[in-house]
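In the UniProt record's numbering, the protein residues as written are 1 to 42. Each residue gets a CB set at the ideal place from its N, CA and C atoms; glycine is no exception. All values reported here derive from a predicted model rather than from experimental measurement. Step one of this worksheet: look at the structure below.
Rendered as structure tokens:
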């Protein structure tokens with residue numbers, strides 16, 4: 001179960017990828033998901 005801190009970190013990373021335009025309409029690109037996973041593991 002994720003706590004509020006981990007959820008916020010995940011949301012912040014996702015927002016950064018959205019602002020970098022790593023999305024295709026309503027979902028992330030393959031590269032966008034890779035960057036999300038890489039950054040979340042840090």
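| Query | Result |
| --- | --- |
| Burial state of residue 41 (16 or more Cβ within 10 Å) | exposed |
| Simplified DSSP state of residue 7, which is helix, strand or coil | helix |
| Cut-off 7 Å between Cβ atoms - residues of its own chain near residue 29, not counting five sequence neighbours on either side | 22, 23 |
| Simplified DSSP state of residue 38, which is helix, strand or coil | helix |
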